[in-house]
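Asks: First, the structure itself, so that you have it in front of you.
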Amino acid sequence: MTHIDDVLEGTTPLLHPFRVCMYTVRKASSDVRAMRSASALVTAGLAVSIIDIESKRFIQAKKDICGICVHHIILPGWYTSRSFEPYFFVKAVWLLIVSILWLIRARADIYHAGDLTALPACYIAAKLRRKPVILDFYECPIPAPETDIVFWRWLGWLMVISLGAVLPHCEGVIAVSPLIAREFQQRYHLSEVLVLRNILEYCTVAKSDLLRQSLGLSSETRIALYQGGIFANRRLDLLVQAAAFLERDNIIVMMGPSDQKTLVHLQRLISRKGVADRVKIIPPVPYDELLDWTASADIGLIVLDPDYSLSIRLSLPNKLFEYLMAGLPVLSSQLDGVVDILTAYETGRVVTSLTPTNISTAINRMLRDRDELDRMHKNAHNAAKELCWEKEKQQLIHLYQRILGIQET
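For the sequence shown, counting from 1, position 350 maps to 350 in UniProt numbering; every step adds exactly one.
Now the structure itself:
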């Protein structure tokens with residue numbers, strides 16, 4: 001294990017001498033929300049470090065990423081040992097102890113837990129050092145976090161139960177959607193929960209043909225794009241079944257990371273339904289190229305089932321803001337938070353019932369009406385100017401200013 005003497009060593013001069021230590025049990029480089037928040041705090045003049053988990057044995061223990069000092073807890077097998085739960089349980093307990101020690105040694109003025117899994121170590125370290133702590137919920141974990149790991153599910157369930165005692169002693173609580181924030185306020189009697197949506201920095205994205213060129217499609221082909229995790233709880237089997245009813249030259253493209261079980265299931269379903277020419281699955285592209293690929297589609301799809309879980313019902317998926325930034329009209333299931341935005345900005349349509357025929361009918365109707373697509377395309381670009389990180393991050397900065405007693409400049 002690599003030791004740290006000062007997690008803030010090597011950071012740039014500050015406007016305010018306050019040190020923020022963020023903790024995530026993910027890789028910081030792949031935790032877009034943590035990196036985006038950390039960058040916002042750095043630009044506000046705070047010294048920010050992130051402690052994350054890295055499974056590679058031979059890797060630089062500390063590195064600077066755009067003024068953010070990232071320190072890795074080296075834990076080989078952390079991302080691959082989960083199939084054998086007793087071994088993973090031992091690793092999780094060891095990680096909790098080590099993380100607390102690292103966080104205590106960080107000498108931070110405030111701690112920031114990146115999601116529920118980071119809370120125990122952050123909370124204990126903060127209370128031992130009598131420092132404020134902020135909890136940033138990446139999703140709604142009620143009634144229990146969604147995971148295939150049995151002990152993690154039970155542990156998460158116990159953690160959710162304990163939130164009633166813990167949250168009132170957190171100086172800040174952050175949620176990714178207004179509906180999740182309201183759920184926490186009502187359930188745990190909190191006076192305030194900050195809403196910090198997963199919104200991108202504003203940028204202009206030109207229309208492209210990356211998907212058509214990559215897949216060898218004609219210019220006449222109309223693409224309905226699903227981007228994001230290709231996992232069992234995303235109900236992507238409905239898109240495969242809907243593909244059988246698509247009109248000529250309309251296809252569905254799924255783009256994103258997947259687990260092997262879900263990928264094999266979808267591929268077999270595509271073969272069984274005979275829709276290989278209408279459904280294409282491609283791997284994820286680098287995040288800094290994502291919007292260019294997104295902009296080469298005609299509409300964006302969100303088909304999460306609101307009845308699957310409370311977390312999904314209250315969610316505000318990242319892909320919604322990615323679609324809008326790329327100028328895509330959106331076809332969504334009845335997720336209240338998504339529907340509110342699509343209605344307010346007139347940027348999409350809603351499928352009232354998640355059946356293959358309803359989905360295919362909605363896709364065909366949207367792709368058929370070129371004038372309406374053009375109107376929603378323009379509305380999406382206008383919405384992106386309002387729904388951008390430059391505006392959203394101000395709420396995070398104000399929260400830190402209030403907790404740390406920093407006067408606005």
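C-beta atoms are modelled at their ideal positions from N, C-alpha and C, and glycine is treated no differently.
As the structure is a prediction and not an experimental result, all values here were calculated from the model.
For D307, tell me which candidate among R234, I65, L373 has the shortest Cα-Cα distance.
Replies: Taking the first residue of the sequence shown as position 1, residue 307 is located at position 307. Comparing Cα-Cα distances from D307 to each of R234, I65, L373, the minimum goes to R234.
Asks: Give the straight-line distance between the Cα atoms of E9 and M255, rounded to the nearest whole angstrom.
Replies: Taking the sequence shown and counting its residues from 1, the one referred to as residue 9 is at position 9. Taking the sequence shown and counting its residues from 1, the one referred to as residue 255 is at position 255. With a pLDDT of 41 at E9, under the threshold of 50, the predicted position of this residue should be treated as unreliable, and no value is reported.
Asks: Taking 8 Å as the threshold, find out whether the segment 191 to 198 comes into contact with the segment 223 to 242 through three or more Cβ pairs.
Replies: no
Asks: Could you pull the DSSP bridge partners for E54 from this structure?
Replies: As a first step, residue 54 is located in the sequence shown; it is residue number 54 there, counting from the start. DSSP, once it has assigned bridges, lists I74 as partnering E54.
Asks: Mind pulling the alpha helix (DSSP H) runs of 4 or more residues that sit fully within the segment 205 to 269?
Replies: Counting whole runs of 4 or more residues, the segment 205 to 269 contains the alpha helix (DSSP H) stretches 210 to 215, 237 to 243.
Asks: Roughly how many whole angstroms lie between the Cα atoms of G405 and Q227?
Replies: Residue 405 sits at position 405 when you count from the first residue of the sequence shown. Residue 227 sits at position 227 when you count from the first residue of the sequence shown. In a straight line, the C-alpha of G405 is about 41 Å away from that of Q227.
Asks: Can you tell me the Cα-Cα spacing of L215 and V253, whole angstroms?
Replies: For the purposes of this step, residue 215 is identified with residue 215 of the sequence shown, where counting begins at 1. For the purposes of this step, residue 253 is identified with residue 253 of the sequence shown, where counting begins at 1. Cα to Cα, L215 sits roughly 10 Å from V253.
Asks: Spell out the partners DSSP gives residue 414 in its beta bridges.
Replies: The shown model of the chain, from 1 to 409, leaves out residue 414, and the question about it has no answer.
Asks: Quick check on S332: does DSSP put it in helix, strand or coil?
Replies: Within the sequence shown, the letter at position 332 stands for residue 332. In this structure, S332 counts as strand in the three-state DSSP scheme.
Asks: With a threshold of 16 other CB atoms inside 10 Å of the CB of G164, please say whether the residue is buried or exposed.
Replies: Along the sequence shown, one-based indexing puts residue 164 at 164. It counts as exposed.
Asks: Taking A47 as the reference, which of R33, G67, S309, P286 has the closest Cα?
Replies: Residue mapping note: residue 47 aligns to position 47 of the sequence shown, counting from 1. Among R33, G67, S309, P286, the Cα nearest to that of A47 is on G67.
Asks: Excluding the 5 residues flanking S333 on each side, which residues of the same chain have their C-beta closer than 7 Å to its C-beta?
Replies: Locating residue 333 in the sequence shown gives position 333, where the first residue counts as 1. So the list reads I302, V303, L304, D305, P306, V351, L354, once near-sequence residues are dropped.
Asks: Starting from V42, trace the alpha helix (DSSP H) both ways and give me its first and last residue.
Replies: Stepping through the sequence shown from its first residue, residue 42 is reached at position 42. 32 to 43 is the span of the alpha helix (DSSP H), which, as asked, contains V42.
Asks: Within the continuous alpha helix (DSSP H) that includes C122, where are the two ends?
Replies: Here residue 122 refers to the residue found at position 122 of the sequence shown. Start and end: 119 to 129.
Asks: The beta strand (DSSP E) spanning I65 covers which residue range?
Replies: Residue numbering aside, residue 65 sits at position 65 when the sequence shown is read from its first letter. Here the beta strand (DSSP E) through I65 covers 62 to 65.
Asks: Which residue's Cα is closest to the Cα of K391: D340, A297, S37?
Replies: On the sequence shown, residue 391 is found 391 positions in, with the first residue counted as 1. Comparing Cα positions, the closest option is S37.
Asks: Name the DSSP beta bridge partners of V350, please?
Replies: Position 350 of the sequence shown, counted from the start, is the residue given in the question as residue 350. S332.
Asks: Consult DSSP for V279 and reduce its assignment to one of helix, strand or coil.
Replies: Counted from its first residue, the sequence shown places residue 279 at position 279. V279: strand per DSSP, three-state reduction.
Asks: Given 8 Å as the limit, is there contact between the segment 381 to 390 and the segment 337 to 350, that is, 3 or more CB pairs closer than that?
Replies: Enough Cβ pairs lie closer than 8 Å, so yes.
Asks: Flag this pair as yes or no: are the beta carbons of G300 and L320 separated by less than 9 Å?
Replies: On the sequence shown, residue 300 is found 300 positions in, with the first residue counted as 1. On the sequence shown, residue 320 is found 320 positions in, with the first residue counted as 1. Yes, these two residues count as a Cβ contact at 9 Å.
Asks: Report the rounded CA-to-CA distance for A44 versus K27, giving the unit in angstroms.
Replies: Indexing the sequence shown from 1 puts residue 44 at position 44. Indexing the sequence shown from 1 puts residue 27 at position 27. The straight-line gap from Cα to Cα measures roughly 24 Å.
Asks: Could you round the C-beta distance between K131 and I100 to whole angstroms and report it? I think they count as a contact, below 8 Å.
Replies: In the sequence shown, the residue the question calls residue 131 occupies position 131. In the sequence shown, the residue the question calls residue 100 occupies position 100. No, K131 and I100 are not in contact; Cβ-Cβ is about 13 Å, not under 8 Å.
Asks: Where do the ends of the alpha helix (DSSP H) carrying Y400 lie?
Replies: The residue labelled residue 400 in the question sits at position 400 within the sequence shown. 389 to 404 is the extent of the alpha helix (DSSP H) around Y400.
Asks: Contact between the segment 323 to 337 and the segment 258 to 267: three or more CB pairs below 8 Å?
Replies: no
Asks: How should T24 be labelled, buried or exposed, when 16 other C-beta atoms within 10 angstroms of its C-beta is the threshold for buried?
Replies: Mapped onto the sequence shown, residue 24 falls at position 24. In this structure T24 is buried. Its beta-carbon is surrounded by 16 or more other beta-carbon atoms within 10 angstroms.
Asks: From D369 to R57, what distance separates their C-alpha atoms?
Replies: By 1-based counting over the sequence shown, the position of residue 369 is 369. By 1-based counting over the sequence shown, the position of residue 57 is 57. Cα to Cα, D369 sits roughly 54 Å from R57.
Asks: Cβ-heavy atom distance between H169 and the ligand NAD below 8 Å?
Replies: In terms of ligand content, the structure shown is empty, and the ligand NAD therefore cannot be addressed.
Asks: Helix, strand or coil: how does DSSP classify I142 here?
Replies: Translated into the one-based positions of the sequence shown, residue 142 becomes position 142. Correct three-state label for I142: coil.
Asks: Would you give the residue range spanned by the alpha helix (DSSP H) that L196 belongs to?
Replies: Residue mapping note: residue 196 aligns to position 196 of the sequence shown, counting from 1. L196 -> no alpha helix (DSSP H), and no H or E assigned at all.
Asks: When the Cα of D136 is compared with those of I104, S177, L158, R349, which residue comes out closest?
Replies: Within the sequence shown, residue 136 is the residue found at index 136, counting from 1. Out of I104, S177, L158, R349, S177 has the C-alpha closest to the C-alpha of D136.
Asks: For S360, count neighbouring C-beta atoms within 10 Å of its own C-beta (all shown protein chains included) and say buried if the count is 16 or more, exposed if not.
Replies: Residue 360 sits at position 360 when you count from the first residue of the sequence shown. Classification of S360: buried, given that the 10 Å Cβ count is 16 or more.
Asks: Roughly how many angstroms lie between the CA atoms of R72 and A40, to the nearest whole one?
Replies: For the purposes of this step, residue 72 is taken as residue 72 along the sequence shown, with counting starting at 1. For the purposes of this step, residue 40 is taken as residue 40 along the sequence shown, with counting starting at 1. First, the amino acid is wrong: residue 72 is His here, not Arg. Distance between the alpha carbons of H72 and A40: 21 Å.
Asks: Please report the straight-line C-alpha distance between H3 and H398, rounded to a whole angstrom.
Replies: Residue 3 sits at position 3 when you count from the first residue of the sequence shown. Residue 398 sits at position 398 when you count from the first residue of the sequence shown. Confidence in H3 is poor, its pLDDT being 37 and thus under 50, which makes the residue's placement unreliable; the coordinate value appears in the next sentence. When rounded, the distance between both Cα atoms is 33 Å.
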